[in-house]
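Residue numbers (our numbering), protein chains in the order written: chain A, 1 to 738; chain B, 739 to 892.
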């Protein structure tokens, strides 16, 4: 990746010289012309998703490959229409560009959202472009790409067909694509590469006819991902693996009181240490540049430094007291306000969820080369355009002077939506002009300088009548994740009204409840918070579904049947996954010595139901089995969807068991994996996943596996012990096998 | 001071202080980036390599203490000619982000070298030091079983 410039130059030069042409294929509506990052020849209808040249066919996948398989699935969408085997395609990430904005980001995907049409549709797609939201997030990459990539592939196929008919002098209807070639009836054939030059002279069809689902050869099948070979052989290049000639190695230490000042700084003890070249003050911290990363990290420990106070309460309790205060303000958002809430609410419970770190396996890092007129930066990231503009601003350049390369990400989960680590690397590089510098955070720096999943509180109450929920109220408080996003995109530091992330996972669930209130309260807190796999649903599904479970037990009903009774009338696909998971797990027939809990959440367009089974092993509890049923509309690559779902559930279970970020003296206490335990080979349960496909388009899969995991586990623990845990992590209440 | 170490069959002279961990010699001095930095405290297993045939955390072994030949993920196979274990990882679509997989594979290959037919408990014991944040564990286990079945078939 990052080689696109070479291709670009060649395609452009060769194309404009009309010697041995390259062609870029373009389709679908363009509301207004956007700058094309591939600098196509003037006047040609082009789109930058597919390039055909002498080397064959290159597909641009302008989303970050962070483990979710996007590189494979997006390329497969194009391959299907191109009638090419996936493995014959070249795949490039592509540069930052408005044209690659994620137009699915703002499209509502609640079960009861109406698909936008007309102006609303145009606007929801235009806003991500206007703000340069080339974002890999929100479980939306395939949602956005489903038509785009197929249209591009289909258009390319049609033009190549036409080119073949011109060259072979036969009717276009006598040309058939097969295996990356165009064949005439008489058996003559031309490869796509051979057709590129002729194709460059032809007009691209506006609306190509797409293949029917029953004719798919590539989509709907479990593929071996294109990144498996490099990842099994150590040859996949992640950001941290960037190697440049004469490169130096740096690390940073930024105030451990996040947002606080560096009040004194004496670099002298570090400057004479082995390998050290330079110690650089960054205002709120410093960097050490050396000839080896470890030597830089050692020297960073030797710098004498004092840190000022934190701009937020300096203890975990203080932070939660401030979150609690948000309930005194008026709600930021009220996604549900139905019926009459004035009656008595005899069942009530308060819930609490901690701050959490992302803890990607690859610590934050970026490599940068600053020359005075330009900055070139290599950084795994989920936001290339934002990274480009923030790095440009940090070193007083214009965005167009900054070249961004996006290598593989060693995990994202939302962390790399905030390019703070690239900005620091750019600042370090500016102090070493002409010399490439790789700036790597220590694990400790990474864990202590995250954009944390917000701590959150819930006040739940309800009234049961005739075994059903007659009224339910959910008040949910946490710092606003949207606030940071708005700040990154617009520069304004305000909590926007109507932050859906405060209530998602609770305020958008398909329950038929006549009297219902769900309100979100935004806490004003300066501790950085951000998107953590499934965002608001990660805590709200725990609050909502645990409380539903409490109501089921209060009503004396079977927990699964109780949920179905409320969900079936509201949303059939959601009820179907619940029934499916019951069938898969043989719900109601739990083996002796074990206990089970069920949970459900509709998130990112996908209903997911999970059953978690636990067992007591001599006083310590083990998670033995997990069943997952999900309906992603269409499963474009079923084995990959399965990976995402059980991976998402493991992410949620690890956090539910042990995950907690706490603050002491204004500093994050947890600093490495021994303080932040995760499921491992000997503690991970067995998973059984089944997919329903009720839709005509794919919905999200990267995140929806996470939300039901914590409540399903908590509900299972209640079934096992009779004890209801209303606070995460569950290790505060129970002892687990570890 | 210069140290001489053998990595993947090649002898390298390394001019770094003797207390630099092998991990950072491999990555920064020799450009062998397949071995990953994850935690620096032997808690995640991402940096696992073989020294004298034994799987160790390279973040904990000082350059001056490297007393046997080192094998890294790059040394057991390459994309053109993959080792059996690497092929199994590919065939079962194990990796998600993949960052931990070099370490998983090096740890698993030591297990299989010493125990060609590991039980679930053997796999649990051998692999519990290797974290996968994406949660690929069940497929790692399946890949280890696949290699074992291929080895036992001869």
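The beta carbon of each residue, even a glycine, is placed where N, CA and C say it ideally should be.
query	result
Going along the chain, which residues of its own chain have a beta-carbon closer than 7 Å to the beta-carbon of residue 147(A), five neighbours each way excluded?	none
Got a sec? Which residues, its chain only, sit under 7 Å from residue 741(B) by beta carbon, not counting five neighbours each side?	752, 756, 801, 802
Starting from residue 476(A), follow its DSSP beta bridges and name the residues at the other end.	458(A), 520(A)
Taking a contact to mean a Cβ-Cβ separation below 8 Å, would you say residue 365(A) touches residue 416(A) in this structure?	no
Does chain B have any CB closer than 8 Å to the CB of residue 156(A)?	no
Closest to residue 509(A) by CA distance: which of 81(A), 110(A), 52(A) is it?	110(A)
Output needed in chain order: residues of the segment 850–861 of chain B with a Cβ under 8 Å from some Cβ in chain A.	861
Under 8 Å between C-beta atoms, does residue 759(B) make it to chain A?	yes
What's the call for residue 673(A), buried or exposed, on a 16-neighbour Cβ count within 10 Å?	buried
Would residue 838(B) count as contacting chain A if we go by Cβ distances under 8 Å?	yes
Taking 8 Å as the CB-CB cut-off, is residue 411(A) touching chain B?	yes
Could you work out which residue in 831(B), 822(B), 877(B), 836(B) is closest to residue 891(B) when comparing CA atoms only?	822(B)
Give me the DSSP bridge partner(s) of residue 616(A).	621(A)
Could you spell out where the alpha helix (DSSP H) holding residue 585(A) opens and where it closes?	572–585
To which residues does DSSP link residue 601(A) through a beta bridge?	608(A)
Cβ closer than 7 Å: which chain A residues qualify as neighbours of residue 766(B)?	249, 292, 293
Decide yes or no for the touch test of the segment 278–287 of chain A against the segment 423–439 of chain A: beta carbon pairs closer than 8 Å, at least 3 of them.	yes
Grouping DSSP H, G and I as helix and E and B as strand, with all else coil, what is residue 148(A)?	helix
Between 721(A), 548(A), 561(A), 659(A), which lies nearest to residue 474(A) when the distance is taken from Cα to Cα?	548(A)
Whose Cβ in chain B lies nearer than 9 Å to the Cβ of residue 443(A)?	775, 776, 777, 778, 779, 781, 782
Do residue 445(A) and residue 403(A) have their beta-carbon atoms positioned less than 8 Å apart in this structure?	no
Cβ of residue 803(B) less than 8 Å from any chain A Cβ?	no
Where residue 464(A) and residue 563(A) are concerned, what is the direct C-alpha to C-alpha distance, given to the nearest angstrom?	13 Å
Does residue 792(B) have its Cβ less than 8 Å from a Cβ in chain A?	no
Applying the criterion that 16 or more other CB atoms from any shown protein chain within 10 Å of the CB defines a buried residue, is residue 550(A) buried or exposed?	buried
Using DSSP's beta-bridge definition, name the partner residues of residue 351(A).	458(A)
With a floor of 3 residues, list each beta strand (DSSP E) that falls wholly inside the segment 210–264 of chain A, ordered by position along the chain.	248–254
With H, G and I counted as helix, E and B as strand and the rest as coil, what does DSSP make of residue 118(A)?	helix
Please decide whether residue 576(A) counts as near chain B, where near means a Cβ-Cβ distance under 8 Å.	no
Less than 8 Å between the C-beta atoms of residue 333(A) and residue 138(A), yes or no?	no
Can you tell me which of the three DSSP states residue 484(A) falls into?	helix
Spell out the partners DSSP gives residue 177(A) in its beta bridges.	182(A)
Taking the beta strand (DSSP E) that residue 370(A) belongs to, which residues open and close that run?	365–370
Kindly list, in the order they appear in chain A, the residues whose Cβ is closer than 8 Å to that of residue 833(B).	67, 225, 227, 228, 231, 232
To which residues does DSSP link residue 278(A) through a beta bridge?	289(A)
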